[in-house]
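In the numbering used here, the protein residues as written are -17 to 44.
Structure below.
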């Protein structure tokens, strides 16, 4: 994931920062516990496409 792109992207729900998880190929919003998929190097920033993360999901600690 390009760091310049990551700097300008924000969670579409809360407008908070996102962290890229290489292990799951997702952009993770720790505040909302959502994982937005990255497909073919393109972030899919739609709430309905996001995966809900459990509070103990290891992605949230990475």
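In this text, a Cβ means the ideal position worked out from N, Cα and C, and glycines have one as well.
Residue 13 and residue -2: beta carbons closer than 8 Å? yes
Take residue 27 and list the residues in its own chain whose beta-carbon comes closer than 6 Å to its own, dropping the five residues that flank it on each side. -6, 18
In this structure, how does DSSP classify residue 23 when only helix, strand and coil are distinguished? Assigned with DSSP and collapsed to three states, residue 23 falls in coil, not helix or strand.
Grab the span of the beta strand (DSSP E) containing residue 13 for me, first residue to last. Here residue 13 belongs to no beta strand (DSSP E), and DSSP marks it neither H nor E.
Going by DSSP, which residues form a beta bridge with residue 3? Residue 3 is bridged to 8.
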